[in-house]
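The structure appears right after this line, and notes come after that.
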Amino acid sequence: KHSRLLWEVLHGAYQRLGLGEAVGGDRAFEQMVAARLVEPTSKAQVPRVLTDLGLEAVTVRTLFRSLARAQERGYRESLSNALFEHVTNTSGLALCLYDVTTLYFEAEREDDLRKVGYSKERRVDPQVIVGLLVDRRGFPLRIGCWEGNKAETTTIIPIVEAFQAAHGIEELVIVADAGMLSATNLKSLHEARLRFIVGARTTRAPGDLEAHFHWAGDAFTDGQLIDTITPKKGSRSERDKSRKSEPVWDPDTHPGSWRAVWAYSKKRAARDTQTLTAQANRARAVIAGEKRPKGTRFVTTHAGDATLDEASLARARSLVGLKGYVTNIPAGLMGAGEVVSSYHELWHVEASFRMSKHDLRARPVFHHTRDAIEAHLTVVMAALAVARHLQETTGISIKRIIRTLKPLQDVTINLNGHKITAQPQITPTAASILKSLQSPGH
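Residue numbering for the sequence shown follows the working numbering, beginning at 2 and increasing consecutively.
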């Protein structure tokens with residue numbers, strides 16, 4: 002039995018993106034990419050996954066040789082070039098999204114790459130940091146890998162500069178979340194003549210909106226946007242509280258500031274209020290001695306007594322529903338609404354990460370050396386590109402494409418020495434997938 006149809010769809014997408022050519026027709030590399038998409042598993046299992054599709058699989062030794070070649074011959078660079086070409090030919094590139102994720106290795110000891118670093122889950126397994134640069138639809142452009150103890154903020158500049166250098170890019174907007182927001186990063190991006198939109202930390206709001214609060218109070222309407230400025234460093238603002246109108250950011254008139262856009266949403270306000278109420282209740286419980294204090298928000302200690310920090314609770318309540326964005330794009334080039342909507346496309350990079358993270362769950366013992374981890378990430382990047390391309394072309398998730406096409410198998414029957422191949426019954430979903438892949442331009 003052969004799932005020939007599924008292989009043809011994956012192989013077709015791989016070739017259309019120019020990935021086969023980028024790696025010099027390396028068959029083993031393509032087989033690892035296909036196996037990643039069909040069933041993310043260890044390299045040792047790749048031949049089994051491909052044999053199930055009815056392919057002549059290469060040996061595990063050949064796969065490992067291909068991984069070594071990926072590093073020696075710079076596959077990642079040539080794949081990145083092919084992906085860049087695909088994006089610029091199909092949709093054009095004006096906006097890039099950047100984010101990082103952490104991968105853990107169940108390893109006993111750290112080595113030069115896998116380090117124990119900051120972990121939201123307080124884990125102590127060695128980890129590596131992976132940075133992903135994608136286009137506005139989540140299509141991968143570049144992937145980077147750093148030691149696990151490196152600060153996430155320090156990864157954005159090298160990956161963006163390498164991308165700029167590789168393609169001679171002058172104009173580009175980089176969108177990243179507030180975690181990437183260090184004064185140095187914004188300065189470096191600006192100096193590299195790149196435009197950026199990053200999430201602002203809410204602690205900035207009282208300073209940025211001081212004049213607004215003074216003149217208009219703290220009642221906002223759903224969807225309200227306030228276009229103002231925020232200090233590049235520290236809290237000394239270049240704005241004049243006595244002036245009612247918000248300053249219009251301009252790099253020449255406000256050299257010490259960036260442009261800031263603050264947006265209010267009723268839905269966010271409801272969510273924030275819920276969180277604050279829970280935090281205030283926890284604080285009251287701590288003060289009443291019901292719970293053991295553990296750095297609880299809104300609890301302040303005065304002369305040895307725990308009391309409720311009414312002032313900071315009131316300040317937090319006045320900021321519910323607000324989300325800020327910092328950018329160096331002048332209002333004449335991009336309105337406040339577009340700044341906000343561009344930032345919201347960041348979920349594409351998160352979706353891409355979720356897609357590649359389930360890939361990266363499979364960690365064969367082999368991936369110990371830096372080269373092996375880097376080569377593995379190169380396979381992941383190629384698989385992610387194929388998956389994104391197929392999803393975009395068909396409008397159907399990659400999981401569903403695999404689920405729909407895999408059971409459609411050609412069966413070869415031997416009747417008295419005559420070989421008869423029976424074609425699979427095409428389901429309506431399969432038919433629509435194949436139809437959208439056959440449309441012009443695909």
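All residues carry an ideal CB built from backbone N, CA and C; glycine is no exception.
- The continuous beta strand (DSSP E) containing W263 extends over residues S258 to Y265.
- Relative to the Cα of A352, the nearest Cα in the group T379, A376 and L385 belongs to L385.
- Cβ neighbours of F85 within its own chain (closer than 7 Å, five residues either side excluded): L142 and H168.
- If only uninterrupted alpha helix (DSSP H) runs of at least 4 residues are considered, those enclosed by the stretch 157-232 are 157-168, 184-192, 206-209 and 211-217.
- For the 7 Å CB-CB criterion, N186 and W259 do not form a contact.
- Annotated as proximal: G257 and K233, with beta-carbon spacing under 7 Å.
- DSSP places P252 in the coil class of the three-state scheme, outside both helix and strand.
- Distances from the CA of G149 to each of V101, A69 and F299 were compared; the closest alpha carbon is that of V101.
- For D372, the enclosing alpha helix (DSSP H) begins and ends at R371 to T395.
- For Y326, the beta-bridge partners assigned by DSSP are G200 and V262.
- Collapsing the DSSP output to three states places D100 in a strand.
- For V174 against I198, the beta-carbon gap comes to about 6 Å, under 8 Å, which counts as contact.
- Sequence-distant Cβ neighbours of E393 in its own chain, meaning closer than 7 Å and more than five residues away, are R138.
- Rounded to whole angstroms, L347 and V341 show a C-alpha spacing of 11 Å.
- In the three-state DSSP reduction, A152 falls in the coil class, being neither helix nor strand.
- Taking a contact to require three or more Cβ pairs closer than 8 Å, the stretch 315-323 and the stretch 259-272 qualify as touching.
- Pairing L64 with A58 gives a Cβ-Cβ distance that is not under 7 Å.
- Straight-line spacing of the CA atoms in Q46 and D53 works out to 11 Å.
- Residue burial annotation: E31 is buried, with at least 16 other C-beta atoms found within 10 angstroms of its C-beta.
- A direct Cα-Cα distance of roughly 19 Å separates R205 from S243.
- In this structure, the alpha-carbon of A284 lies about 6 Å from that of V300.
- F221 is the residue among A281, T379, K292 and F221 whose C-alpha sits nearest the C-alpha of Y265.
- When rounded, the separation of the alpha-carbon atoms in I158 and A312 is 38 Å.
- When DSSP states are grouped into helix, strand and coil, K420 belongs to the strand group.
- Secondary structure note for V24: it is in no alpha helix (DSSP H), with a DSSP letter that is neither H nor E.
- Under the criterion of beta carbons closer than 8 Å, R202 and A179 qualify as touching, at roughly 5 Å.
- Separation of R401 and D241 (C-alpha to C-alpha, rounded to the nearest whole angstrom) is 56 Å.
- If the five residues before and after G338 are omitted, its C-beta is found closer than 8 Å to the C-beta atoms of L226, all from its own chain and listed in chain order.
- Under the DSSP assignment, T428 falls outside any alpha helix (DSSP H); it carries neither an H nor an E label.
- If you check the CB distance, Q410 and P425 come in under 7 Å.
- Excluding sequence positions up to five before and after L68, its CB lies within less than 6 Å of the CB of A376, all in the same chain and listed in chain order.
- In this model, E9 and H87 are separated by some 20 Å (Cα to Cα).
- In this structure, A261 lies near T229, with their beta-carbon atoms less than 7 Å apart.
- Membership of L68 in the alpha helix (DSSP H) is indicated by the continuous run V61 to E73.
- For V129, the enclosing beta strand (DSSP E) has its first and last residue at Q128 to D136.
- In this structure, C146 is the residue among A388, E78, C146 and L406 with its C-alpha nearest to the C-alpha of T370.
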